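Quick note on our numbering: the sequence shown kicks off at -14 and runs consecutively.
Glycine is no exception: its CB is placed at the ideal position from the N, C-alpha and C atoms.
Since we're looking at a predicted model, the values are computed, not measured.
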Amino acid sequence: MSKMEVVNTLGRRKSAVARIYVSEGKGNITVNKREMKEYFPAETLQYIVLQPLNLLEVSEKYDIKVNLNGGGPKGQAEALRLAITRALMEIDPESRTQLKAAGFVTRDPREVERKKPGQPKARKRFQFSKR
(Lines of atoms letter the chains of each structure in order from A and count residues from 1; the text may use other names and numbers.)
(Lines give C-alpha, C1' and ligand atoms only; values in the text may rest on other atoms or scores of the structure.)
Protein backbone atom coordinates (compact mmCIF):
# COMPACT_ATOMS: atom_id res chain seq x y z
CA MET A 1 0.00 0.00 0.00
CA SER A 2 1.55 3.30 -1.08
CA LYS A 3 0.71 6.58 0.65
CA MET A 4 -2.87 6.12 1.81
CA GLU A 5 -5.34 8.98 1.65
CA VAL A 6 -7.58 9.69 4.64
CA VAL A 7 -10.66 7.45 4.72
CA ASN A 8 -13.77 9.04 6.19
CA THR A 9 -16.76 6.97 7.37
CA LEU A 10 -19.79 7.24 9.62
CA GLY A 11 -21.28 4.85 12.17
CA ARG A 12 -24.54 5.11 14.09
CA ARG A 13 -26.13 3.26 17.00
CA LYS A 14 -29.23 4.38 18.93
CA SER A 15 -28.84 8.18 18.93
CA ALA A 16 -25.02 8.17 18.79
CA VAL A 17 -23.17 9.26 15.66
CA ALA A 18 -19.46 8.57 15.08
CA ARG A 19 -17.65 10.34 12.23
CA ILE A 20 -14.11 9.05 11.77
CA TYR A 21 -10.99 9.85 9.76
CA VAL A 22 -8.59 6.94 9.29
CA SER A 23 -5.00 7.53 8.16
CA GLU A 24 -1.82 5.49 8.32
CA GLY A 25 -0.10 5.67 11.68
CA LYS A 26 0.82 3.89 14.90
CA GLY A 27 -2.57 2.94 16.29
CA ASN A 28 -3.54 6.18 18.05
CA ILE A 29 -7.28 6.67 18.47
CA THR A 30 -8.39 10.22 19.36
CA VAL A 31 -12.02 10.70 20.39
CA ASN A 32 -13.28 14.31 20.60
CA LYS A 33 -9.65 15.50 20.99
CA ARG A 34 -9.07 13.08 23.89
CA GLU A 35 -7.23 9.78 24.11
CA MET A 36 -9.56 6.80 23.55
CA LYS A 37 -8.59 5.23 26.89
CA GLU A 38 -9.46 8.51 28.60
CA TYR A 39 -12.79 8.94 26.74
CA PHE A 40 -13.86 5.31 27.35
CA PRO A 41 -12.37 4.44 30.76
CA ALA A 42 -14.37 1.17 30.89
CA GLU A 43 -12.34 -1.80 29.59
CA THR A 44 -15.44 -3.34 27.99
CA LEU A 45 -16.12 -0.26 25.86
CA GLN A 46 -12.47 -0.07 24.77
CA TYR A 47 -12.74 -3.72 23.79
CA ILE A 48 -15.88 -3.05 21.70
CA VAL A 49 -14.14 -0.20 19.85
CA LEU A 50 -11.02 -2.27 19.09
CA GLN A 51 -12.85 -5.47 18.03
CA PRO A 52 -12.66 -4.96 14.24
CA LEU A 53 -9.01 -3.80 14.42
CA ASN A 54 -7.99 -6.80 16.53
CA LEU A 55 -9.93 -9.20 14.30
CA LEU A 56 -7.91 -8.12 11.25
CA GLU A 57 -4.75 -7.63 13.36
CA VAL A 58 -4.24 -4.05 12.16
CA SER A 59 -4.57 -2.16 15.46
CA GLU A 60 -1.02 -0.73 15.14
CA LYS A 61 -1.37 0.31 11.48
CA TYR A 62 -3.85 3.20 11.51
CA ASP A 63 -4.43 6.46 13.34
CA ILE A 64 -8.11 7.26 13.86
CA LYS A 65 -9.61 10.67 14.59
CA VAL A 66 -13.18 10.50 15.88
CA ASN A 67 -16.01 13.01 16.28
CA LEU A 68 -18.62 11.46 18.56
CA ASN A 69 -21.90 12.95 19.66
CA GLY A 70 -25.29 11.85 20.96
CA GLY A 71 -26.23 8.75 22.94
CA GLY A 72 -24.55 7.19 25.95
CA PRO A 73 -21.17 5.49 26.33
CA LYS A 74 -22.29 2.07 25.05
CA GLY A 75 -24.12 3.44 22.02
CA GLN A 76 -21.14 5.65 21.20
CA ALA A 77 -18.71 2.74 21.46
CA GLU A 78 -20.87 0.62 19.15
CA ALA A 79 -21.31 3.49 16.68
CA LEU A 80 -17.54 3.88 16.62
CA ARG A 81 -17.12 0.14 16.04
CA LEU A 82 -19.40 0.32 13.00
CA ALA A 83 -17.54 3.36 11.62
CA ILE A 84 -14.18 1.60 12.02
CA THR A 85 -15.56 -1.53 10.35
CA ARG A 86 -16.79 0.51 7.38
CA ALA A 87 -13.42 2.26 7.08
CA LEU A 88 -11.54 -1.06 7.12
CA MET A 89 -13.85 -2.39 4.38
CA GLU A 90 -13.15 0.71 2.28
CA ILE A 91 -9.39 0.26 2.73
CA ASP A 92 -9.49 -3.48 1.98
CA PRO A 93 -12.75 -4.85 0.47
CA GLU A 94 -11.39 -8.41 0.99
CA SER A 95 -11.79 -8.03 4.77
CA ARG A 96 -15.60 -7.77 4.48
CA THR A 97 -16.22 -11.53 4.81
CA GLN A 98 -14.29 -11.71 8.09
CA LEU A 99 -15.99 -8.64 9.54
CA LYS A 100 -19.42 -9.82 8.37
CA ALA A 101 -18.91 -13.22 10.01
CA ALA A 102 -18.07 -11.46 13.29
CA GLY A 103 -21.28 -9.42 12.93
CA PHE A 104 -19.70 -5.95 12.81
CA VAL A 105 -21.05 -4.89 9.40
CA THR A 106 -24.75 -4.70 10.28
CA ARG A 107 -26.13 -1.45 11.68
CA ASP A 108 -28.09 -2.31 14.84
CA PRO A 109 -31.53 -0.86 14.03
CA ARG A 110 -32.98 -0.93 17.55
CA GLU A 111 -34.14 2.49 18.70
CA VAL A 112 -35.99 3.72 21.78
CA GLU A 113 -39.75 3.41 21.30
CA ARG A 114 -41.65 6.63 21.88
CA LYS A 115 -43.81 7.20 24.94
CA LYS A 116 -47.55 7.03 24.13
CA PRO A 117 -50.18 9.36 25.61
CA GLY A 118 -52.29 7.90 28.42
CA GLN A 119 -49.46 5.56 29.44
CA PRO A 120 -46.55 6.11 31.81
CA LYS A 121 -44.00 4.61 29.34
CA ALA A 122 -43.95 3.19 25.81
CA ARG A 123 -45.64 -0.09 26.68
CA LYS A 124 -46.39 0.09 30.40
CA ARG A 125 -50.03 0.93 31.20
CA PHE A 126 -51.50 2.71 34.20
CA GLN A 127 -53.15 0.31 36.63
CA PHE A 128 -56.64 -0.65 35.47
CA SER A 129 -59.40 -0.33 38.01
CA LYS A 130 -62.83 -1.70 37.20
CA ARG A 131 -64.41 0.35 39.98
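Any chance you could list the beta strand (DSSP E) runs of at least 3 consecutive residues sitting entirely within the stretch 39 to 71, in chain order? For the stretch 39 to 71, the continuous beta strand (DSSP E) assignments of 3+ residues that do not extend past its boundaries occur at 47 to 54, in sequence order.
Sequence-distant residues of the same chain with beta carbon closer than 7 Å to T70, five excluded per side: Around T70: P37, L84, F89, V90.
Under a Cβ-count criterion, where at least 16 other Cβ atoms within 10 Å of its own Cβ denotes burial, should G(-4) be classed as buried or exposed? By the 10 Å Cβ count, G(-4) comes out buried.
Restricting to Cα atoms, I'd like to know which of R(-2), N(-7), R116 is closest to N54. Taking only the C-alpha atoms, the option nearest N54 is R(-2).
According to DSSP, which residues form a beta bridge with R(-3)? Note: R(-3) sits in a beta bridge opposite V2.
Cβ shell of L40 (< 8 Å), same chain only, five flanking positions each side left out: Excluding sequence neighbours, L40 sits near Q83, L84, A87, F89.
Would you identify the three-state DSSP class for T15, choosing helix, strand or coil? T15: strand per DSSP, three-state reduction.
In the structure shown, what three-state DSSP assignment does S8 receive? When DSSP states are grouped into helix, strand and coil, S8 belongs to the strand group.
Distance between beta carbons of F111 and P105, contact taken as under 8 Å: That belief holds up - the Cβ atoms of P105 and F111 are roughly 6 Å apart, short of 8 Å.
Could you tell me whether the stretch 24 to 31 touches the stretch 2 to 10, where touching means 3 or more Cβ pairs closer than 8 Å? As far as the Cβ criterion goes, the stretch 24 to 31 does not touch the stretch 2 to 10, which means the pair count is below three.
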